[in-house]
Amino acid sequence: MKKVLTIMMVLVALTVGAQAQSYKSAIGLRGGDPSGITFKTFINSVNALDFVAGTGYFGHNLNLTVYYEWQKPTGWTPNLDWFVGPGAHLGFWNSTYQEEYNTNITMGIDGIIGLEYTLDDIPLNFAVGAGPSFNFTSGPAWYYWNGGFSIRYVF
């Protein structure tokens, strides 16, 4: 019961006092795990979808990861926001790992928490985030920690 109450309080805190974002969408590159092309778009003033298409598990697979993020200003400095949210991934192991894991599919759920800074004068933003990843299919581990750094063009 305490866990449910805590989760509900966090969700309410994320939506109360929301402030409109300074951009609608952004596209760029993400380094880390997963690495690749990132596209983030806001579906309202505090909720965004963040897509990452590229390699996962340190280059051993090709995948798509999607995060649903709640984003709010940190209050520390203008244009610096924090975000948190759940996600999911789906991908394919490369041929070496297909044989080792007896499957070519990788899928699971993810979480992310991080910081994002959007520049005023140049249409760029920077984000750093990390979180857990749980695999439903076979692989090197059913659980691991991932994270990365994104640079995006804002439009």
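Going by my numbering, the first residue of the sequence shown is number 20, and it counts up by one from there.
Each residue gets a CB set at the ideal place from its N, CA and C atoms; glycine is no exception.
On a predicted model such as this, the values are computed, not experimentally measured, just so you know.
#1: Is isoleucine 128 close to the ligand FMN? I mean its beta-carbon at under 7 Å from any heavy atom of the ligand.
#2: Per DSSP, which one or two residues make a beta bridge with isoleucine 128?
#3: For tryptophan 112 and asparagine 144, what's the separation of their Cα atoms in angstroms?
#4: Which same chain residues, not among the five before or five after isoleucine 62, have their C-beta less than 7 Å away from its C-beta?
#5: Quick one: which unbroken alpha helix (DSSP H) runs of 4-plus residues sit fully inside the segment 46–104? Chain order, please.
#6: Run the CB neighbour count on alanine 45, radius 10 Å, all protein chains shown included, and call it buried at 16 or more, exposed below.
#7: What three-state label does DSSP hand threonine 115 in the structure shown?
#8: Leaving out five residues before and five after leucine 142 in sequence, what residues of the same chain have Cβ atoms less than 7 Å from its Cβ?
#9: Would you mind stating whether glycine 167 and glycine 51 have Cβ atoms separated by less than 8 Å?
#10: Going by C-alpha to C-alpha distance, which of Glu135, Tyr76 and Glu119 sits closest to glycine 127?
Put simply:
#1: The ligand FMN is absent from the structure shown, which contains no ligand whatsoever.
#2: If you number the sequence shown from 1, residue 128 lands on position 109. In the DSSP assignment, isoleucine 128 is bridged to Ala107 and Phe153.
#3: Here residue 112 refers to the residue found at position 93 when the sequence shown is read from its first residue. Here residue 144 refers to the residue found at position 125 when the sequence shown is read from its first residue. The alpha-carbon atoms of tryptophan 112 and asparagine 144 are separated by roughly 31 Å.
#4: Locating residue 62 in the sequence shown gives position 43, where the first residue counts as 1. So the qualifying residues of the chain are Leu68.
#5: No alpha helix (DSSP H) of 4 residues or more sits fully in the segment 46–104.
#6: Start at 1 with the first residue of the sequence shown, and residue 45 comes out as number 26. Under this definition alanine 45 is a buried residue.
#7: Indexing the sequence shown from 1 puts residue 115 at position 96. DSSP places threonine 115 in helix when its eight states are reduced to three.
#8: Start at 1 with the first residue of the sequence shown, and residue 142 comes out as number 123. Going by the sequence as given, residue 142 is proline instead of leucine. Once the five neighbours on either side are set aside, the close Cβ partners of proline 142 are Tyr172, Val173 and Phe174.
#9: Along the sequence shown, one-based indexing puts residue 167 at 148. Along the sequence shown, one-based indexing puts residue 51 at 32. Yes, the Cβ-Cβ distance between glycine 167 and glycine 51 is below 8 Å.
#10: By one-based count along the sequence shown, residue 127 stands at place 108. Minimum Cα distance to glycine 127 is reached at Tyr76.
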